[in-house]
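Line by line, the protein sequences are chains F and R.
Position one of the first sequence corresponds to residue 7 (the numbering used here), numbered consecutively onward.
Position one of the second sequence corresponds to residue 7 (the numbering used here), numbered consecutively onward.
Single-structure report; data block below.
2 protein chains.
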Amino acid sequence: MVLGFVMFEEGLERRAANHVPLTPLSFLRRSAAVFPEKTAVIHGTQSWSYAQFYKRCRRLASAIAGAGVQPGETVSVLAPNVPVLLEAHYGVAMAGAVLNAVNTRLDAKTIAFILNHAETRLFIVDAEYMDVARDAIAISGRNVTTIEYHDPEQAGSTSSFGHGDHTVDYESFLQKGDPEYKWRRPADEWDALSLNYTSGTTGEPKGVVYSHRGAYLNSLGNVMTFGIDARSVYLWTLPMFHCNGWTYTWAVTAAAGTHVCLRQIERDRVFTLILEHGVTHMCGAPIILNMLVSGPTEARLPHTVEVATGGAAPPTSILSAMEALGFSVTHLYGLTESYGPSAVCVWQEEWEALNLQQRGSRMARQGVNHIMVEDIIVADSQTFEETPRDGTTMGEIMLRSNTIMKGYLKNGAATDESLQNGWFRTGDLAVRHADGYVEIKDRSKDIIISGGENISSLEIEEALYSHPGILEAAVVARPDDKWGETPCAFITPREGAALTADEIVEWCKKRIARFKAPKTVVFDELPKTSTGKIQKHLLRERARSLS
Amino acid sequence: MVLGFVMFEEGLERRAANHVPLTPLSFLRRSAAVFPEKTAVIHGTQSWSYAQFYKRCRRLASAIAGAGVQPGETVSVLAPNVPVLLEAHYGVAMAGAVLNAVNTRLDAKTIAFILNHAETRLFIVDAEYMDVARDAIAISGRNVTTIEYHDPEQAGSTSSFGHGDHTVDYESFLQKGDPEYKWRRPADEWDALSLNYTSGTTGEPKGVVYSHRGAYLNSLGNVMTFGIDARSVYLWTLPMFHCNGWTYTWAVTAAAGTHVCLRQIERDRVFTLILEHGVTHMCGAPIILNMLVSGPTEARLPHTVEVATGGAAPPTSILSAMEALGFSVTHLYGLTESYGPSAVCVWQEEWEALNLQQRGSRMARQGVNHIMVEDIIVADSQTFEETPRDGTTMGEIMLRSNTIMKGYLKNGAATDESLQNGWFRTGDLAVRHADGYVEIKDRSKDIIISGGENISSLEIEEALYSHPGILEAAVVARPDDKWGETPCAFITPREGAALTADEIVEWCKKRIARFKAPKTVVFDELPKTSTGKIQKHLLRERARSLS
């Protein structure tokens, strides 16, 4: 050790006064102290101030601890975007437990797998999902105490009590808790905060573990990237069970903004809530954007609503339709393993001068690392050497960041494989442009190699989405004796649109290199995972089976 | 250890991919990558893009390492707000060394003390300060290599070369460095980043040590509190040698805003730069605000300029004059030990309805902890018990935060005394209002106890500052046989104002409790420290010696 280091270390160790474990729980405590009367949560006709919200979360923590859940044990929640799930984002961790928000679209068998894998001690379930929850518990064979939440805003929510199982009513459970409960911060900021299962298209779900530190930093990254402050009103169009709502569950609270809950995403309801509460920010997959711009023409919103989207690049046609309605769209990129957003397509001033098509192609890029992400590279999957920034050479996106998961629960092999050489390997293939912006060209498995040429199915899909008669499209490889593979397009037309395969192929040939145009076009509904992701592996199977 | 913790820890240890030491150096690297062509620094007719700024900082780091400075050793800089000092905020740490920005108002003897105490290896000095630097080195007896910076914007900057000492020209020094230098992040985010000596009114200066972690977090706290983004233009009216410019040296870079340097704070120059560069943000002590609103009437600025002030509450009269000019003032509170701002007088919506006087009294409060500060309390100095939130009971402000210093260099006793029981003791006496806002009533030593009643000298000063004929005022205790102590006011009148002591006393009696009015009024210039702080200990001596 160098002498200088000794001088700057001796007697200068971390102390309780100057080293506090980073945790998003601090956000709620502060917002409740600084803005006690400000509206924290709105849900239909109900709303809670920050002081009330904080008290409910402390009650929940107290009740969870009172129920015998030990620090480091798992509390699972199966609920849509209702207040109970938001409260669980604080109350569970305040009891020292780990939150596992379960995807509501999963089947009982998968949920049973999760309950067992996560070793769930307590299961909080929205009444709408009690049947699947009960089935899941039966399959799992676990002895789990279930807390049932009845949404007073939900007409026809029926009680399951008296079924002879271990079910307790959520509000009664909460009332048992102490609103002044002295919750403790995590002993170490690396302690687990939450557990999110990746839906995955193949194999068993993997449990992605988040730390308090990572969630704290990613939340603040969101605050800065998306410009959230105390005047912000955030509408929950993104499921909170997706990467803890991309950590906006904590970010909005950090800024003391207002959460607007939303049980079901219905177009009219979204527009109504935007106007009623002056919504300023929302997030969602491109399918949400698609929904907003489809249907009856809406008047332009009286104020700009910032929308962050991710999962896939928004097609130019949707971007322009969104802009016309008064939405300002930002394209983010991330994965469950990266606490949601890791990259953001940062707007550059000179883009103002571009036409819509050009802007659209810029905005389709995944972009650059957000402020909390140390590094993003596009590199060779074997050598980890960065690819040239030429906009054409493909490589794998890799991330290094405090906002990368601790790893996969009870899956050392998968953790080791994904966190290699100081990088998290995303498995997404991309190019890097001269300006440093990353653009995904394909998921590793989705690339189509035809006649020795790499074809990006995304590029074809972008061309297809620009067709006014196409609602949804997905392109996969179809085995071909001559070419090896050819692109095969599966298409759901818009209602009332009369499309032909020839017309679609011609449309593409006019827009992308001719050899990239689909050789096969199938009109059908697209199979999707519970999270709404198109299941390309099923389409690949169908493409293979085409005579 | 509980079983749950094992499950969430095993195989989930920190790795290079998911645990990166927090350091503000990351900000520059990212902004140079994302906004390479954007203007990072403006200094008179010169300016540098983020790509250029980053290269200069890497050159500096390379040159510092090349000069034999070891990681953990100190590089001192004596310069006003010119680019070299900004570059040192990155280049020094990129070489693994510790930055010691020296107050330019200090005398040679004090600087000599600092050079020896900090064990300075390299001394970068602006040509204007070469004489005092050379004297300081002579007094210190150290063998220090000096790098002299010649400001091309500074008319009459003369070279000191050929004096036979170890002086090297800064630009030549820089040219020896490698612009692609592979700097290394700190091994541990707790490593020392900078060293700031508190000017103190008594005793030897204390060396406050900052960590990379603390600086990173406080910078981002500033970004969020002050709303800095890539469109922000920050004018350097606050000395960078004050708590590293309250960490705005790093915060502005984090947001990829533009730094506008300023060698000397001259009123006309400030207004010119605001208009020329579209300045959006600046900071400064109340004396800066005072300067801006004094002198010839200015036209209202064409855009709002956010001004953060601290060190003392801005008097209402100055607040209203600032508002009239187009400045929006935010009141911050902090100390060198807290990386600058720790508390912020967060604006509450309901204050909009208040009249100027009422708003002024709200804004005079030090406020609440900013988002990165875990906690602020007002407590009994002995028992650490919180005082009631009644707006009248005095206690000591205490802070707990990742943004509290590592401690005082080579001063374990002072470190232990200030970081006690999990709190940093500020030594500032305050009350806490029912809404949780903290308001300083006096520095521990500045309280006047008269007839058993505590009198805040600040309250009297606020009354005095509201008088149109008073430019500056300071109140201290004067020993009194009957009352123990009485308030004694030292006043500098505005030019042309004819004031009498009786008139001043009457003015106060109308505004504050009569017993709090000064019993003695002295018209004179006020003695100040090198940082512009009024030296109350000298005034106390004078008050004692009054016959």
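Built from N, CA and C at the ideal position, the CB exists for glycine as well.
The structure presented is a predicted model; accordingly, all values stated were derived computationally and were not measured.
CA-to-CA distance, residue j to residue i, given in whole angstroms
i	j	result
W242/R	E159/F	53 Å
V8/F	T80/R	Residue confidence for V8/F is low, a pLDDT of 46 falling below 50, so the modelled location carries little weight and cannot support an answer.
P321/R	A479/R	11 Å
G502/F	P302/F	14 Å
N109/F	D184/R	52 Å
S551/R	E468/R	25 Å
R306/R	Y240/R	19 Å
E343/F	I410/F	6 Å
G413/F	L425/F	8 Å
P292/F	P89/R	45 Å
S472/R	S323/R	6 Å
Y96/R	I145/F	58 Å
M13/F	E125/R	10 Å
M136/R	H543/R	30 Å
T207/F	L545/F	Any answer about T207/F is weak, because its pLDDT of 40 lies below 50 and its placement is not dependable; what the coordinates show is given next. One C-alpha to the other measures close to 12 Å.
S536/R	G251/R	16 Å
A440/R	V482/R	29 Å
E402/F	L435/F	5 Å
I271/F	W489/F	43 Å
P485/R	V311/R	44 Å
A359/F	M369/F	14 Å
K539/R	S463/R	15 Å
Y203/F	L84/F	13 Å
Y60/R	I461/R	52 Å
G168/R	A73/R	Note that G168/R scores 45 on pLDDT, short of 50, meaning its location in the model is unreliable; the coordinates nonetheless yield the value given after this. Rounded to whole angstroms, G168/R to A73/R spans 20 Å at the Cα level.
D487/F	K516/F	26 Å
L226/R	M230/F	9 Å
G170/F	L470/F	Since pLDDT at G170/F reaches only 48, below the 50 mark, its modelled position is unreliable, and the value read off the structure follows with that caveat. Spanning the two alpha carbons is a distance of roughly 54 Å.
Supposed contact pair residue j and residue i - C-beta distance, whole angstroms, cut 8 Å
i	j	result
A39/F	V350/R	Not really, about 13 Å apart at Cβ, beyond 8 Å.
G428/F	R395/F	Incorrect: roughly 21 Å between the Cβ atoms, too far for contact.
L34/R	T259/R	5 Å
S32/R	E380/F	6 Å
P365/R	V444/R	As written in the sequence, residue 365/R is Arg, which differs from the Pro given in the question. Between V444/R and R365/R the Cβ distance is about 18 Å, and since that is not below 8 Å, they are no contact.
Residue range of the beta strand (DSSP E) that includes residue i
i	result
L477/R	I476 to D486
C351/F	Careful: C351/F lies outside any beta strand (DSSP E) and carries neither H nor E.
H265/R	T264 to V266
G78/R	Neither: G78/R is in no beta strand (DSSP E) and is coded neither H nor E.
F529/F	T526 to F529
N202/F	A198 to T204
H473/F	No beta strand (DSSP E) contains H473/F, which DSSP labels as neither H nor E.
L295/F	Element bounds for L295/F: not the beta strand (DSSP E) but the alpha helix (DSSP H), P292 to V299.
Boundaries of the alpha helix (DSSP H) in which residue i is found, first to last residue
i	result
V88/F	Element bounds for V88/F: n/a, residue is neither H nor E.
M136/F	M136 to S146
W54/R	It is not in any alpha helix (DSSP H) - W54/R instead sits in the beta strand (DSSP E) that spans Q52 to S55.
W252/F	C249 to W252
A523/F	From DSSP, A523/F is part of no alpha helix (DSSP H); its letter is neither H nor E.
V554/F	Nothing can be reported for residue 554/F, as the shown portion of chain F is limited to 7 through 553.
L556/R	Look at the range of chain R in this structure, 7 to 553, and you will see that residue 556/R is not part of it.
Any non-hydrogen atom of the ligand SAM within 7 Å of residue i CB
i	result
A260/F	This structure simply doesn't include the ligand SAM, nor any ligand for that matter.
Q) Any residues in the region 323-336 of chain R with a beta carbon nearer than 9 Å to a beta carbon of chain F? Which ones, in chain order? A) Here the close residues number zero.
Q: Spell out a yes or no on whether the region 117-135 of chain R and the region 18-27 of chain F are touching, meaning 3 or more CB-CB pairs, one atom from each, closer than 8 Å.
A: Short answer: they don't touch.
**Q.** Interface residues of the region 400-417 of chain R facing chain F [CB-CB below 9 Å]
**A.** Correct list: M404, L405, R406, S407, N408, T409, I410, M411, K412, G413, Y414, L415, K416 and N417.
Q | Contact residues within the region 59-92 of chain R, judged by C-beta distance below 7 Å to chain F | A | Cβ contacts with chain F come from Q76, P77, G78 and E79.
(Q) I'd like to know if the region 65-75 of chain F and the region 174-188 of chain F are in contact, where contact means that at least 3 CB-CB pairs between them fall below 8 Å. (A) yes
Q) For the region 366-378 of chain F, which residues have a CB atom closer than 8 Å to at least one CB atom of chain R, in sequence order? A) V374, N375 and I377
Q) For the 8 Å Cβ check, are there 3 or more pairs between the region 97-106 of chain F and the region 184-193 of chain F? A) The region 97-106 of chain F, when compared against the region 184-193 of chain F, does touch it at the 8 Å Cβ threshold.
Q. Got a sec: which bits of the region 207-226 of chain F sit with their beta carbon under 7 Å from any beta carbon on chain R, in order along the chain?
A. Per Cβ criterion, the list reads V215 and L226.
Q | Interface positions of the region 343-369 of chain F facing chain R (Cβ-Cβ less than 7 Å), listed along the chain | A | V352
**Q.** Interfacial residues, the region 172-200 of chain F to chain R, with Cβ spacing under 7 Å
**A.** For the region 172-200 of chain F, the beta-carbon criterion of a distance under 7 Å to any beta-carbon of chain R is satisfied by W196 and A198.
Q) Using a Cβ cut-off of 7 Å, which residues of the region 424-446 of chain F contact any Cβ in chain R, in chain order? A) L425, G428, W429, F430 and G442
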